[in-house]
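Which chain is which? The protein sequence lines are A, B and C, in order. Following the working numbering, the numbering of the first sequence begins with 1 at its first residue and continues without gaps. Following the working numbering, the numbering of the second sequence begins with 418 at its first residue and continues without gaps. Following the working numbering, the numbering of the third sequence begins with 536 at its first residue and continues without gaps. Think of the CB as a built atom: it goes at the ideal place given N, C-alpha and C, for glycine as much as any other residue. Accompanying notes for the structure given below.
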Amino acid sequence: MKIHDLIVIGGGPAGLAAAVSARRAGVQDILILERDHVLGGILNQCIHNGFGLHTFKEELTGPEYAARFIAQVKEENIPYRLGATVISISKEKLVTYVSREEGLVQVQAKALILAMGCRERPRGALNIPGSRPAGIFSAGTAQRLMNIEGYQVGKEVVILGSGDIGLIMARRMTLEGAKVKVVAELMPYSGGLKRNIVQCLDDFGIPLKLSHTVVEIHGKERLTGVTLARVDENRRPIAGTEEYYACDTLLLSVGLLPENELTRALDVTMSRVTNGPEVDDRLQTDCEGVFACGNVLHVHDLVDYVSEEAALAGKNAAAYVLSQPAAGRTVDITADNGVRYTVPQKLDPEHMADAVTVRFRVADVYRDRYICVYCNGERIRRIKKRVLAPGEMEQVILKKSELKEPLQSIRICTEVE
Amino acid sequence: MRELTCIGCPLGCSLRVFEEDGNLRVEGNTCPRGETYAKNEVLCPKRTVTSTVAIRGGAVSRLSVRTQTDIPKDKIAACMEEIKRVCVHAPAAIGDVILPDVAGTGVALIATKNVPKA
Amino acid sequence: MRKDYDVVVIGGGVIGCAVARELSRRALRICLIEKGEDVCSGTSKANSGIVHAGFDAKPGTMKAKMNLLGSRMMPKLAEELDIRFKRNGSLVLCLSEEGLPALHELYERGVANGVEGLAILTGDEARRKEPNLSGNAVAALYAPTGGIICPFELTIALAENACANGVEFRRNETVTGISREEDGYLITTDHALIGANCVVNAAGVHADEIHRMVSKLPMHITARKGDYCLLDKEVGGYVSCTVFQLPSALGKGVLVTPTAHGNLLIGPTATDVEDKEQTPTTAAELSYLTKTAALSVRDLPTRSVITSFSGLRAHEDGGDFIIGETPDAENFFEAAGIESPGLTSAPAIGCYLADLIAKKLGAEEKADFVPTRKAIPRLAELPAEERKALIAVNPLYGSIVCRCEQISEGEIVEAIRRPVGAVSLDGVKRRVRAGMGRCQAGFCTPRLMEILSRELHRPMEEICKNVSGSELLTGTMEGRK
């Protein structure tokens, strides 16, 4: 059986950046396994602009952003397999994949980087009553059919969910001649970026109905319409507020879920909030030598942060392969009072880097709050925020020098005054 | 008076733009970025247009494209009309000029994807 | 009159396919007409997938008789057809002391029907067997012969085997009229005029409409809708038995069961509906369903619901199955009012009707009947070495299309190329489960469409979810205005 120093599962933005970073940190023997027939992952179908402002200081489209990293992988001569679906991984880092060309292959890794990305929540998870006609797509499926395959998916469209993919698709379909009648959002605020609301909806006069949801789906063969209703503060539809919209297409942009089917076999601690594995400050899971980054770890809103996080995972995986660095006691980072989770979930105070970026999301829209960091019960950081929203990932950078010794606890929370 | 939502940051300030003696006055912004944004949006709003064009002789049938820079918002429809008529032949590389001057804007339409010959 | 066939079976559900398969043992010219684009597209596609032990029906009814026979036939049939069948046992819960007499009555009925191994358990005994059962269960009827089966697999396997033994399948064809001629029947469809000696009405919720084309005797079928929720495989082991509730004021018939494929299923509700075509789920029923199912088990994991759906059961006013030759129409046979336990009874009904027809027509058994059929290999379930060997023979088995269920292109291609093969996304889904997993076809829809388009030589814009009119695309980008 072949043994590789590092196997990266997934050739999307996270996998590519992780592999390049590991190579630059000195790992010679790397293999990227990608199930699609091209590298780049979901970026290939995201033909809109807005990527790379942090990483490249210019505004790129998805395929352009991916191409920059693909070029780096090729410059570094990092081997990759396409059309190669990993079907299982084990605690011992035995990876089994299948492909048309190679059949079923088992390879052994010294270190593993999980970079499988995420998938969209389907209609079923929402349990919307009604019929089951054609014409209901998750926004990403419609995006692929349009941008990669070159087909039109509908003429009169309602979009449920104001996540960024939904907003982007509202503009995309409008530009291609479809009539997008309304975007309905269950929550009282949008999960998408402000810029997308203005440039994808307002520019085209597409109404955004907050606190609304689809309560019924109509049509036998093809969708003929949907019924929207306002919801109360408990997100339950309010009787009497129903409104019928005739449409042949319903796009769902109702959230993304990290794709951790493979991860479960490792029996590592999973976060019930992120749906990804819990990791330490090296982005290492409970299973030694297995690292995670990108949307498989937690869903990001900007690819630039995915690349940054993945580069860190690559660097740490390299250190693991090359020098088996010392590891010590870890301290949990507690998310509290409006902070839903943190990544990493814990850190090793003795061996941590000088600065560790902790990313998190908040539970609701908050105005004029502080983000606070407590260390052994004492507040060490207080950052004023004019606005915090669940749709925007936040971060604090913890410096090793500012943490108390011996470190007992870290708590990150929001505070009003 | 025009009402706008600032896209400078998640705050999303509601901006009001007044025209007074040929000058623009902005209200509702909490930072200078809001004022700049509002003035640009009123004087000459611009957008980048992204779409796909037909491509023959490659492994895929669509080539993604964008305007090289922002174009005036009121040219978006004309730009899309031109995009719909384009058909190119593989190979294509990122940055290739597909149309030198789209919809009379002086801005080029460029490829955003590498499509080698099949 | 010109005779195109000896027997025409109307309806490609599990009953029609079972009858066709049993008839194909005999030297007869047989065709099956199905109005949907595929077999298994009516009642058979949306039900509980339970092989009932047989304690429900009143002793002496056709339901009681066919249920017991069908349940006994199922193991051998499942082996012949290479489909999943598991005797997981079933429990009927009694959730209050007042219900105990009714539970004992059910036990007695089961014994009278000939069901083996029935036992009344105390609440604690039941919970030892099934730890997630509700603490409110005071007693339970245990039936070790209860089982689970995949209704798609059973119906499609019967169809494939019937086809392999010479039955002609005419899908996408609707019977619009039947006239009785001197020496047989003339069947009018939207495509053709078909002459036959003998007709079998297995038209499910539409059986009464077909019946009225030839018979003056009363028959009235009500479509009874049942909503279901399907839960993720991660909670497929929440219960191991099929858990029923004793009929009570709170409701009847809502079960919690593992499926043959390892998901968890809850349902059905029961609402009589006017429209036999539309089957929308409703908010009220889905909410009733989850509330009622939650009475059977502790902390029902409703957040793991991956989809909801509904099906129609064909309820005949008389309440029993109507099986046999119609008294006022010679050589016109019927299987009508086949509601629960219809799936369980299908093999028995198939044999019963085929025997009657063969006797009537004096048909001989064929020497070359092949009772077995091989399933499409399920690569994800095979050991690595076997999987490797199969991919070596057919590299398409190495190309995974459906990530959630790990279904390969090779399996999908086979689902399309087989006799009575898939012609739609739903057809592929029912044969190999591509798109049936937790992402509900989000990732694989474009690939599945491409494969269907390539294999069927149809443009992408003509690929349907199921019947004509359910096309997924509305045009190409090149065809845009």
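**OP:** State yes or no: is the beta carbon of Val519 of chain B nearer than 8 Å to at least one beta carbon in chain A?
**Re:** Not one chain A Cβ lies under 8 Å of Val519 of chain B.
**OP:** Kindly list the residues whose CB is nearer than 8 Å to the CB of His1017 of chain C, restricted to its own chain and excluding five residues on each side of it in sequence; keep chain order.
**Re:** Any question about residue 1017 of chain C goes unanswered here, given that chain C covers just 536 to 1016.
Original post:
Using a Cβ-Cβ distance under 8 Å, would Ile3 of chain A count as near chain B?
Top reply: no
**OP:** Starting from Arg359 of chain A, trace the beta strand (DSSP E) both ways and give me its first and last residue.
**Re:** 355–362
**OP:** State buried or exposed for Arg235 of chain A, treating a residue as buried only when at least 16 other CB atoms are found within 10 Å of its CB.
**Re:** exposed
**OP:** Note down, in chain order, every chain B residue with its Cβ under 7 Å from the Cβ of Arg195 of chain A.
**Re:** Ile424
Subject >> Length of the line joining the Cα atoms of Arg747 of chain C and Met995 of chain C >> reply: 40 Å
**OP:** Put Ala510 of chain B into one of helix, strand or coil per three-state DSSP.
**Re:** coil
Subject >> Per DSSP, the bridge partner or partners of Leu388 of chain A >> reply: A:Tyr366.
Subject >> Cutoff 6 Å; reference Ile113 of chain A; Cβ partners in own chain excluding five residues on either side >> reply: Val8, Ala18, Phe291, Ala313, Ala317
Original post:
At a CB-CB cut-off below 7 Å, which residues of chain B make contact with Glu1013 of chain C?
Top reply: Taking the beta carbon of Glu1013 of chain C as reference, the chain B residues within 7 Å of it are Ala471, listed in sequence order.
**OP:** Flag Lys209 of chain A as yes when its Cβ comes closer than 7 Å to any non-hydrogen atom of the ligand ATP, and as no otherwise.
**Re:** This structure does not include the ligand ATP; it has no bound ligands of any sort.
Subject >> Interface residues of chain C facing Arg536 of chain B [CB-CB closer than 7 Å] >> reply: Chain B is shown only over 418 to 535; residue 536 of chain B falls outside these bounds and no answer can be derived.
**OP:** Give the interface partners of Val198 of chain A over in chain B, defined as CB-CB distance under 7 Å, in chain order.
**Re:** Thr422, Ile424
Original post:
Are any of the Cβ atoms in chain A nearer than 8 Å to that of Ser431 of chain B?
Top reply: no
**OP:** Mind listing the chain C neighbours of Ser99 of chain A? Cutoff is C-beta to C-beta under 8 Å, in chain order.
**Re:** Gly933, Ser934
**OP:** Using 10 angstroms around the beta-carbon of Gly15 of chain A, count the other beta-carbons present and answer buried if the total reaches 16, otherwise exposed.
**Re:** buried
Original post:
Start and end of the beta strand (DSSP E) containing Pro793 of chain C?
Top reply: Pro793 of chain C -> beta strand (DSSP E) spans 790–793.
Original post:
Can you find a CB in chain C that lies within less than 8 Å of the CB of Pro13 of chain A?
Top reply: Not closer than 8 Å to any Cβ of chain C, the Cβ of Pro13 of chain A fails to qualify, so no.
Original post:
Exposed or buried, which one is Phe435 of chain B when buried takes at least 16 other CB atoms within 10 Å?
Top reply: exposed
Subject >> N-terminal and C-terminal residue of the alpha helix (DSSP H) that Val549 of chain C is part of >> reply: Looking at the DSSP string, the run of the alpha helix (DSSP H) that includes Val549 of chain C is 549–558.
Subject >> Whole-angstrom distance between Ala389 of chain A and Glu255 of chain A, CA atom to CA atom >> reply: The question names Glu, but residue 255 of chain A is Gly in the sequence shown. In a straight line, the C-alpha of Gly255 of chain A is about 15 Å away from that of Ala389 of chain A.
Original post:
Between the region 116–139 of chain A and chain C, which residues of the former have CB atoms less than 7 Å from a CB of the latter, in chain order?
Top reply: Arg119, Glu120, Pro122, Arg123, Gly124, Ala125, Asn127, Pro129, Gly130, Ser131, Arg132, Pro133, Ala134, Ser138
**OP:** Using the Cα positions of Thr794 of chain C and Gly771 of chain C, report the straight-line distance between them to the nearest angstrom.
**Re:** 8 Å
Original post:
Can you name the residues of chain F whose CB is closer than 7 Å to the CB of Lys530 of chain B?
Top reply: No chain F appears in the structure shown, which is made up of the protein chains A, B and C.
**OP:** Specify, as a first and last residue, the run of the beta strand (DSSP E) that Ser714 of chain C falls within.
**Re:** 710–716
Subject >> chain C contact residues for Val273 of chain A, given Cβ-Cβ distances below 7 Å >> reply: Going along chain C, no residue has its Cβ under 7 Å from Val273 of chain A, so there is no contact; the nearest lies around 13 Å.
Original post:
So, is Lys1016 of chain C buried or exposed, given that buried needs 16 or more other C-beta atoms within 10 angstroms?
Top reply: Note on Lys1016 of chain C: pLDDT 45, under 50, position unreliable in the model; the coordinate value appears next. When all chains shown are included, Lys1016 of chain C counts as exposed.
Original post:
When burial is assigned at 16 or more other CB atoms within 10 Å of the CB, is Gly645 of chain C buried or exposed?
Top reply: buried
Original post:
Between the region 141–157 of chain A and chain B, which residues of the former have a C-beta closer than 7 Å to a C-beta of the latter?
Top reply: Hits within the stretch, in order: Asn147, Ile148, Gly150.
Subject >> When C:Leu676, C:Pro815, C:Arg662, C:Cys776 are compared against Gly584 of chain C, the one with the closest alpha-carbon >> reply: C:Cys776
Original post:
Does DSSP put Leu428 of chain B in a helix, in a strand, or in coil?
Top reply: coil
**OP:** Could you check if Gly945 of chain C is buried or exposed, using at least 16 other CB atoms within 10 Å of its CB as the buried criterion?
**Re:** buried
Original post:
From this set, A:Gly124, A:His48, A:Ile238, A:Leu251, which residue's C-alpha is nearest Ile136 of chain A's C-alpha?
Top reply: A:Leu251
Subject >> Per-residue contacts from Val387 of chain A into chain B (C-beta, under 9 Å) >> reply: Cys426, Pro427, Leu428, Gly429
**OP:** From the DSSP output, read off the bridge partner residues of Leu498 of chain A.
**Re:** Residue 498 of chain A is absent from the structure shown; chain A starts at 1 and stops at 417.
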